[in-house]
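Enquirer: Respectively, the protein sequence lines represent chains A and B.
Per the numbering used here: the first sequence = residues 1 to 340.
Per the numbering used here: the second sequence = residues 1001 to 1340.
2 protein chains.
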Amino acid sequence: MRSARLLPAFALAVVAALAAAAPAFAQLDPLPSWNDGSAKRAIVEFVQATTTPGSPHFVPPEARIAAFDQDGTLWVEHPLYTQVVYCLDRVPAVVKAKPELAKVQPFATVLSGNREAIAKLSMDSLLKILAATLTGMSVDAFDAEAKQWLASARDPRWKRPYTQLTYLPMREVLDLLRAAGYKTYIVTGGGQDFVRTYSEATYGIPPEQVVGTAGGTKFGYDEDGRPFLTKEPRLLLNDNDAGKPEGIHLMIGRRPVAAFGNSTGDRQMLEYTKAGSGARLSMLVLHDDATREYAYGPARGLPDTRVGTFPPALDDEAKKNGWVVISMKDDWRRIFAFEP
Amino acid sequence: MRSARLLPAFALAVVAALAAAAPAFAQLDPLPSWNDGSAKRAIVEFVQATTTPGSPHFVPPEARIAAFDQDGTLWVEHPLYTQVVYCLDRVPAVVKAKPELAKVQPFATVLSGNREAIAKLSMDSLLKILAATLTGMSVDAFDAEAKQWLASARDPRWKRPYTQLTYLPMREVLDLLRAAGYKTYIVTGGGQDFVRTYSEATYGIPPEQVVGTAGGTKFGYDEDGRPFLTKEPRLLLNDNDAGKPEGIHLMIGRRPVAAFGNSTGDRQMLEYTKAGSGARLSMLVLHDDATREYAYGPARGLPDTRVGTFPPALDDEAKKNGWVVISMKDDWRRIFAFEP
């Protein structure tokens, strides 16, 4: 993907060809997994408008920042966030290191393997599990543990590594934007350190372009006097809701020109992006494909009273602010790279 | 500077030519403001070792991260940090907006213009001034204010904008590293938002590659419903001492391969960088040129009992760990670009 950065002219030519709908260039479509429609058109027109010299909406290369939510926007988030699966899977190792936890809640419930009881754990219990499994070790040890888990864990439905459950159409958008000179960022409610362990291999997004929920670390020395950092259960950034634009300011320092999300947790990021001057693109992925992926809403994890829709408030705001909705069912020809 | 990124082969050729000391290529010296010596040699050899394919110390392009302290390492920090001058200069505007502060300390002292009294303000007083002048406004308003000040303020000794008081030899190092595929970061104890207002124009370092002392922001809406961020007096990262490697982990997520500093506040960053495997470069700028710049030490702002030296502990550690000391007096042929 690196070489793509050197080919903005090529990418622009492709976009121009696509916009002109010249049949001879059909094979150069930079978004082959997308059906023709308003969503695909919005992306192509945005790239054209912001990267064509002389365009009234031209954005200088250094200001080309695009922010992508991860869970539910770049890969599958249903029925559980991958990171939650990771934390639950890590509980036995944590209890092995601290046997006194075996009889303490919520660890006892997780160890029981009772899926129904685990699914009913409160947010407070979940936070205890996250703190115990994501902190207390060195950043290098965490990195190694997470990578090892990702290499062996399999999603129960597709029987594949979680890193294969990325949406091919969104990876095409990442590639198209990068070829057009955009820096692509993940801005996730998930753990920044966790996502950074696979973002480069999975999306071509380096660790320094991942903004996520982040805890503090503590600098210290090992017995040989070598410095290292320990992950602490001290929250620095809750990168959800208003935390997303706040996190963007902290970690990037510029307002994005394009943003992609799929839930109420992305609302403020989409608003903040769209409120900038000039051409702005805010898009929402709608999970309305129960056959090929999932159909759920209005809020993930709550009863699906309005399957395949957003909460009414978000739906209204999307219409009012000109956010473009991406229907997985209608807009995506293919969802996963592993599909035939 | 952007185009330089596309020329790693050229940069390597230049470095190779320099290392071979081929007189015909002398004009291609990428570090023309450096005198020949151990410091210059260390930089050139490091770039060669980490970017030559097949070298035992080759560093893949995505891992090429170089971290630079700013104050005293990239530009003049004496006798006052530029940001402190900015904050003192902002006090009248703050008091104009909040007249009740005029009789309150430390604001009354600053308004008095009594330089001796101002110089004696305690750290606690200084923090009050920083909080009052750096927070409470929107991030956009702060950005505009800081840029306006930087355009008009002049350093009292050189009568030039502060952004011209950068060290030319260090800018050459930035250029050389970038040409060799390194991402260059500022890792400063100064305010992240302040440094970001000029880093791109001054050093070619974009805002997203500035790690600094950072406060929280608060997302909200103005009367027209437009979202904006307000700077809050809530410290998220004190990017000094141990805070430097902690900030590097938070904002970059990778251990640097090269780091440059000049004071005890950079110690942990230099240790953390040097402790990585493979070729590592940790360098310390020594302020020992009272004629062309300043000579001071052991700790900035304290009596210069050991002018032009580091505190003994840092000096010992530099020797023990193989950090390379840069003598401004001996290693730098030119210090500023405006010198004849």
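Don't be surprised by glycine CBs; every beta carbon is placed ideally from N, CA and C.
All of these numbers come straight from a predicted model, not from anything done at the bench.
Report buried or exposed for Y81 of chain A, applying the criterion of at least 16 other Cβ atoms within 10 angstroms of its Cβ.
Expert: In the first sequence, residue 81 of chain A corresponds to position 81, counting from 1. So Y81 of chain A counts as buried.
Enquirer: So, K329 of chain A versus D288 of chain A, is the Cβ gap smaller than 8 Å?
Expert: In the first sequence, the residue the question calls residue 329 of chain A occupies position 329. In the first sequence, the residue the question calls residue 288 of chain A occupies position 288. Contact flag set, yes.
Enquirer: Quick one: does A1214 of chain B have its CB under 8 Å from some CB of chain A?
Expert: The sequence position of residue 1214 of chain B within the second sequence is 214, counting from 1. So, interface residue.
Enquirer: Is the Cβ of E1145 of chain B closer than 8 Å to any Cβ of chain A?
Expert: In the second sequence, residue 1145 of chain B corresponds to position 145, counting from 1. Chain A contact via Cβ: absent.
Enquirer: Flag this pair as touching only if the region 1105-1113 of chain B and the region 1140-1153 of chain B have three or more C-beta atom pairs under 8 Å; answer yes or no.
Expert: no
Enquirer: Run down chain A in chain order and give the residues with a C-beta less than 8 Å from the C-beta of V1210 of chain B.
Expert: Numbered from its first residue, the second sequence carries residue 1210 of chain B at position 210. Per Cβ cutoff of 8 Å: G253.
Enquirer: Which runs of the alpha helix (DSSP H) spanning at least 4 residues fall entirely within the region 1097-1121 of chain B, listed in chain order?
Expert: Listed in chain order, they are 1107-1112 and 1115-1119.
Enquirer: Strictly under 8 Å for the Cβ-Cβ distance: is F219 of chain A near chain B by that measure?
Expert: In the first sequence, the residue the question calls residue 219 of chain A occupies position 219. For F219 of chain A, the answer is yes, since a Cβ of chain B falls inside 8 Å of its Cβ.
Enquirer: Between A258 of chain A and chain B, is there a C-beta pair that is closer than 8 Å?
Expert: If you number the first sequence from 1, residue 258 of chain A lands on position 258. By this cut-off, A258 of chain A is not an interface position.
Enquirer: Alpha carbons only, please: which of A:V44, A:R41, A:R196 and A:A63 is nearest the one belonging to G278 of chain A?
Expert: Your numbering for residue 278 of chain A matches position 278 in the first sequence. For the residues A:V44, A:R41, A:R196 and A:A63, the minimum Cα distance to G278 of chain A belongs to A:A63.
Enquirer: Going by the DSSP bridge assignment, what does I1186 of chain B pair with across the sheet?
Expert: As a working note, residue 1186 of chain B is residue 186 in the second sequence. B:F1068 and B:V1210, per the DSSP bridge assignment.
Enquirer: Do T1050 of chain B and F1260 of chain B count as a contact pair if the criterion is CB distance below 8 Å?
Expert: The residue given as residue 1260 of chain B occupies position 260 in the second sequence. The residue given as residue 1050 of chain B occupies position 50 in the second sequence. With contacts defined as CB atoms closer than 8 Å, F1260 of chain B and T1050 of chain B fail to qualify as a contacting pair.
Enquirer: Taking CB distances under 8 Å as the criterion, tell me whether P1272 of chain B reaches chain A.
Expert: Position 272 of the second sequence, counting from 1, holds the residue named residue 1272 of chain B. The identity of residue 1272 of chain B in the sequence shown is Tyr, whereas the question assumes Pro. So yes, Y1272 of chain B belongs to the interface.
Enquirer: Ignoring anything shorter than 4 residues or poking outside the region 1148-1192 of chain B, list the alpha helix (DSSP H) runs there in chain order.
Expert: List check, alpha helix (DSSP H) in window: 1168-1179.
Enquirer: What residues in the region 59-71 of chain A have a beta carbon less than 9 Å from any beta carbon of chain B?
Expert: P61, E62 and I65
Enquirer: Between which two residues does the alpha helix (DSSP H) holding G1136 of chain B run?
Expert: As a first step, residue 1136 of chain B must be located in the second sequence, where it is residue number 136. No alpha helix (DSSP H) holds G1136 of chain B; DSSP gives it neither H nor E.
Enquirer: Under 8 Å between C-beta atoms, does V139 of chain A make it to chain B?
Expert: Locating residue 139 of chain A in the first sequence gives position 139, counting from the first residue. Contacts with chain B at 8 Å (Cβ-Cβ) include V139 of chain A.
Enquirer: Give the single residue among A:V173, A:R41 and A:I248 whose Cα lies nearest to the Cα of Q209 of chain A.
Expert: If you number the first sequence from 1, residue 209 of chain A lands on position 209. Among A:V173, A:R41 and A:I248, the Cα nearest to that of Q209 of chain A belongs to A:I248.
Enquirer: Could you spell out the range, first to last residue, of the alpha helix (DSSP H) harbouring E1232 of chain B?
Expert: Residue 1232 of chain B sits at position 232 when you count from the first residue of the second sequence. Where E1232 of chain B is concerned, there is no enclosing alpha helix (DSSP H), although the beta strand (DSSP E) it sits in stretches over P1227 to L1237.
Enquirer: Kindly list the residues whose CB is nearer than 7 Å to the CB of L1250 of chain B, restricted to its own chain and excluding five residues on each side of it in sequence; keep chain order.
Expert: Along the second sequence, one-based indexing puts residue 1250 of chain B at 250. Result list for L1250 of chain B: L1237, in chain order.
Enquirer: Report the neighbours of R1280 of chain B on chain A: residues whose CB is nearer than 9 Å to its CB, in chain order.
Expert: Numbered from 1 along the second sequence, position 280 holds the residue referred to as residue 1280 of chain B. Neighbours of R1280 of chain B on chain A: none; closest Cβ ~12 Å, over 9 Å.
Enquirer: Evaluate contact between the region 167-175 of chain A and the region 134-142 of chain A, counting only Cβ atoms and requiring at least three cross-stretch pairs below 8 Å.
Expert: no
Enquirer: Locate the beta strand (DSSP E) running through L1031 of chain B, then write down its first and last residues.
Expert: In the second sequence, the residue the question calls residue 1031 of chain B occupies position 31. Segment: none, L1031 of chain B is in no beta strand (DSSP E) and carries neither H nor E.
Enquirer: Cα separation between P1340 of chain B and W34 of chain A?
Expert: As a position in the second sequence, residue 1340 of chain B is number 340, starting the count at 1. As a position in the first sequence, residue 34 of chain A is number 34, starting the count at 1. If you take the alpha carbons of P1340 of chain B and W34 of chain A, they lie about 60 Å apart.
Enquirer: I'd like the span of the beta strand (DSSP E) that includes L1281 of chain B, first residue to last.
Expert: In the second sequence, the residue the question calls residue 1281 of chain B occupies position 281. Note, L1281 of chain B: beta strand (DSSP E), L1281 to L1286.
Enquirer: Hey, is R333 of chain A's beta-carbon within less than 8 Å of any beta-carbon in chain E?
Expert: Going by chain labels, chain E is absent from the structure shown, which instead holds the protein chains A and B.
Enquirer: In terms of residues, what are the limits of the beta strand (DSSP E) holding I1326 of chain B?
Expert: Here residue 1326 of chain B corresponds to residue number 326 of the second sequence, with the count starting at 1. Start and end: V1324 to S1327.
Enquirer: Taking 8 Å as the cut-off, decide whether the C-beta atoms of T197 of chain A and E1246 of chain B are in contact.
Expert: For this step, residue 197 of chain A is matched to residue 197 along the first sequence. For this step, residue 1246 of chain B is matched to residue 246 along the second sequence. Taking 8 Å as the Cβ cut-off, T197 of chain A and E1246 of chain B do not qualify as a contacting pair.
Enquirer: Identify each residue in the region 1180-1203 of chain B for which the Cβ-Cβ distance to at least one residue of chain A is less than 8 Å, and report them in chain order.
Expert: K1183, Q1192, D1193, R1196 and E1200
Enquirer: Please identify the residue among A:N114, A:S282 and A:D315 whose C-alpha is closest to the C-alpha of A42 of chain A.
Expert: Here residue 42 of chain A refers to the residue found at position 42 when the first sequence is read from its first residue. Per the Cα distances, A:S282.
Enquirer: Report all residues from its chain with a CB closer than 8 Å to the CB of V91 of chain A; omit the five preceding and five following residues, and keep chain order.
Expert: Residue 91 of chain A sits at position 91 when you count from the first residue of the first sequence. Taken in chain order, the residues that qualify are F107, V110, L111, I129, A132 and T133.
Enquirer: Using only the alpha-carbon positions, how far apart do F336 of chain A and Q48 of chain A sit?
Expert: Indexing the first sequence from 1 puts residue 336 of chain A at position 336. Indexing the first sequence from 1 puts residue 48 of chain A at position 48. C-alpha separation (whole angstroms): 26 Å.
Enquirer: First and last residue of the beta strand (DSSP E) that includes F1046 of chain B?
Expert: Along the second sequence, read from residue 1 onward, the residue named residue 1046 of chain B stands at position 46. First-last for F1046 of chain B: S1038 to T1051, but that is the alpha helix (DSSP H), not the beta strand (DSSP E).
Enquirer: On the DSSP letters alone, give me the boundaries of the beta strand (DSSP E) that G1261 of chain B sits inside.
Expert: For the purposes of this step, residue 1261 of chain B is taken as the residue at position 261 of the second sequence. Residues A1258 to G1261.
Enquirer: When you measure from the CB of L270 of chain A to every non-hydrogen atom of the ligand COA, does any distance come out below 7 Å?
Expert: With respect to the ligand COA, the structure shown offers nothing to examine, as it has no ligands at all.
Enquirer: May I ask you to report which of helix, strand or coil DSSP gives F336 of chain A?
Expert: Position 336 of the first sequence, counted from the start, is the residue given in the question as residue 336 of chain A. Here F336 of chain A sits in coil by DSSP.
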